[in-house]
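Position one of the sequence shown corresponds to residue 562 (our numbering), numbered consecutively onward.
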Amino acid sequence: NLNKLKKEDIYMIGRFLYTKGLFLEFYNSYKKLIKPGEDSEEMIIYTLSILEELREYNLMIELIKKQPKMLSEYYFYWGNALKKLDKPLEAIEKYKLVDKSPYLEQSIYFIGRIYFVLGDYDNAILWSKKLKGNKGHELLTRSYFNSGQMDLFKKSAIQYIKKYPNSDLAGYYRNLLYNESKNPNYLVWIIKHNLNSYYYQVAYNITKSSRELEEYPINYKIKVHKDSLALLDELSSLGDPQLLIIESDNINFPNDKVFEHYIRTYYLEKNKLYNLAMKSSTLAEDEFSKYSNLNLLLHPRYYNKEVSTYSKEYDVEDALVYSVIKVSSKFDKNLIDKSTYFGLMQLSLKIAKKYDSKITPKKLLDPNINIKIGTKYLADLLTKYDGNISLAIASFHNSEEEISKWKRDKNGDIDVEQIPYLDSQEYIKHVIANYYRYKSLYKN
């Protein structure tokens, strides 16, 4: 009956069967229905996106080659497939054929990124100059550094640091500036400005100094604003999350924005709306980072019972489990990403079935089940990689086949800065940074 279905129904069925691991069988049936013409273009792009998630890169290329008319979007997915098949120069040629949005900017970035990974810094600089935003700036600045153009590197890095001193990218540039000059002041500035970044731990490992934070006067502030909090107290006691969410959005302390964010986080957390509490804290990250007690809210231990139980059972540090949860889902127990990754630790059904053959997507959204399986999976990866946290995290996020191709440092560890895929690089950096922050904040 596929030929009788509306396009929207086919999308829905395809996604549903994808979560069951049956998309390829579905694809083999319904691809016969795809007829040339504008009506099929959206369906082909949709199919290419799912085949990419399935890592079926050869099937992507096969489908594209069958099309009588080449679209800009097709060239983008063709480039993605070739990149993943380790054919970087061929990928570049396809990306160059992308001539319009929504994939033009991304294609330009991928071209520059591939040239950078290949060590062709002149071309990396040429293409990164076509970009706007942080990604383009980072690629350009790193290319200056790697090609030995230190004056241009310093100018670019320092301009950005002055504009965004507390950003992760500023911490990265300070680390590069330190590596180039060995000026310890750059490490001091990382300690001062980049507390929650990956490079804070790098700086700490060298200097053995840490940033001392003052305590925010929470109890005093609550007494001052006691009358203004009466309604929130009442709504909180009613146990109606929707009413509380609406009222928390209306909290306004114009002369005390730090307290405003704290109170919003407090009441959301109190009612176990953990993902919203995490979001509230993250919005105030720069301010919360200044205070020792508020910094804890940027690294909460939600689902403490489950994490404590399974981290002990499987001999995994709870700090690592919390950091994976925070980075993967931001404590959103109901998160389903791309119909593929489920729950707090963003586990795929394929991985989960290794530990529970009867697992279902619904069960995998249960925090207890998700944390149990995710922690056991982490434990197995740590065993496989002899306790190497970077390798275990990388394998948790990527396939083992992919990470086997990544560059290693002299100790056999992953060279994080040389990971070819930016999303993987950022994920690993953030998990490691949060891991050390959790260890530090809760060491006592």
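Every residue, glycine too, gets a C-beta built ideally from N, C-alpha and C.
A quick note: this is a predicted structure, and the numbers were derived from the prediction, not measured.
Its Cα nearest to that of Pro-861, the residue Ile-886 stands out among Glu-874, Asp-683, Lys-915, Ile-886. Take the alpha-carbon of Tyr-982 and the one of Leu-793: they are about 45 Å apart.
Judged by their CB atoms, Ser-884 and Asn-766 are not nearer to each other than the 7 Å cut-off.
Counting only the Cα atoms, Asp-976 lies some 15 Å from Asn-959. Around the beta-carbon of Lys-990, 16 or more other beta-carbon atoms lie within 10 Å, marking it buried. As computed with DSSP, Tyr-902 is found in a beta bridge with Asp-898, Ser-909.
Within the segment 872–898, the alpha helix (DSSP H) runs of at least 4 residues that lie entirely inside it are, in chain order, 879–890. The beta carbon of Asn-854 sits closer than 8 Å to those of Glu-776, Tyr-777, Ile-779, all from its chain and outside the five residues before and after it, given in chain order. In terms of CA proximity to Leu-796, Ile-806 leads the group Ile-806, Lys-787, Val-877.
With a cutoff of 7 Å on beta-carbon distance, Tyr-863 and Tyr-835 are scored as near each other. Runs of the alpha helix (DSSP H) spanning 4 or more residues and lying entirely within the segment 600–652 occur at 618–626, 633–645, in chain order.
Around the CB of Leu-905, 16 or more other CB atoms lie within 10 Å, so the residue is classed as buried. Taking 7 Å as the cut-off, the Cβ atoms of Leu-687 and Tyr-670 do not count as close. Taking the Cα positions, Ala-838 is about 5 Å away from Leu-829. Take Ala-642, set aside five residues on each side of it, and the residues of its chain with a beta-carbon closer than 6 Å to its own are Tyr-618, Met-621, Ile-622, in chain order. Ile-751 places its beta carbon 7 Å or farther from that of Arg-772.
A Cβ-Cβ separation of about 12 Å leaves Leu-844 out of contact with Ser-850 under the 8 Å criterion. Less than 7 Å divides the Cβ of Pro-726 from the Cβ of His-754.
Selection Tyr-827, Ile-675, Lys-911, Lys-833 evaluated against Ser-842 yields Tyr-827 as nearest (Cα-Cα).
By the beta-carbon neighbour count (other beta carbons within 10 angstroms, threshold 16), Leu-799 is exposed.
Between Ser-956 and Ile-964, the CB-CB gap stays under 7 Å.
Sorting Asp-817, Lys-630, Pro-802 by C-alpha distance to the C-alpha of Tyr-781 places Asp-817 at the top. Between Ser-633 and Val-659, the beta carbon gap of about 5 Å places them in contact (Cβ cut-off 8 Å). Selection Lys-630, Gly-935, Pro-815 evaluated against Thr-870 yields Gly-935 as nearest (Cα-Cα). Just measuring C-alpha positions, the residue of Lys-626, Asp-941, Tyr-607 sitting nearest Met-573 is Tyr-607. According to DSSP, Ile-975 shares a beta bridge with Arg-969.
For Glu-775, the beta-bridge partners assigned by DSSP are Tyr-852. No residue range can be given for Asp-801, since it is assigned to no alpha helix (DSSP H) and is classified by DSSP as neither H nor E. Inclusion of Tyr-902 and Ser-909 in the CB contact set at 7 Å is warranted, their separation being smaller than that value. Under a 10 Å Cβ-count criterion, Ser-889 is classified as buried, with 16 or more other Cβ atoms of the shown protein chains found around its own Cβ.
Annotation: the continuous alpha helix (DSSP H) that includes Tyr-760 extends over 759–768. The beta carbons of Tyr-999 and Ala-880 sit closer together than 7 Å. Where Ile-932 is concerned, the enclosing alpha helix (DSSP H) starts and stops at 928–945.
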